[in-house]
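**Q** Residues 3 to 108 in my numbering are what the sequence shown lists, from first letter to last. Here you go, one structure.
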Amino acid sequence: MSHSVGEVGRLTVINYLNFHQKVLPKCVVEIGDQQASIFGAGCFKNKEMSCTMGTGTFLHVNTGCEPASSCSGIYPLNWMDYSLNTSYILECGMHDVVLFCMWLKI
């Protein structure tokens, strides 16, 4: 697991015709599509949720600074790590919207 904000690498471009290298600025942000989804929904507080529907359906719950776990296919993700404050989310993903709606009814 890596930090969400911070140096994760550098990119070096080599110009073979002029035989010189150029180091581009540091890569400083790393975020997955599901983590970006809950960020875009503005779910920054503990117990806030977002649901995204596309090819699959994903439900995310912000669990604050404590990672939560489950035995039913719901798993924790490192969501945001900024200024030494790590936040976690629980993710439940279904590959079908209908299955997700049926799961919610249970």
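Yeah, the Cβ is synthetic: ideal placement off N, Cα and C, and Gly gets one too. The structure displayed is predicted, hence computed values, not measured ones.
Should residue 57 go down as buried or exposed, given a rule of 16 or more other Cβ atoms within 10 Å for buried?
**A** In the sequence shown, the residue the question calls residue 57 occupies position 55. Exposed, by the Cβ-count rule.
**Q** Where do the N-terminal and C-terminal ends of the alpha helix (DSSP H) with residue 75 fall, by residue?
**A** Your numbering for residue 75 matches position 73 in the sequence shown. Where residue 75 is concerned, there is no enclosing alpha helix (DSSP H), given that its DSSP letter is neither H nor E.
**Q** For a test of the three-state rule: what should DSSP assign to residue 66, helix, strand or coil?
**A** What you label residue 66 is simply residue 64 of the sequence shown in a count that begins at 1. Strand at residue 66.
**Q** Can you tell me where the beta strand (DSSP E) with residue 52 in it begins and where it stops?
**A** As a first step, residue 52 must be located in the sequence shown, where it is residue number 50. Residue 52 -> beta strand (DSSP E) spans 51-55.
**Q** Go to residue 110, then tell me how far its beta strand (DSSP E) extends in each direction, as first and last residue.
**A** Residue 110 lies beyond the stretch modelled for the chain, which goes from 3 to 108, so this question has no answer here.
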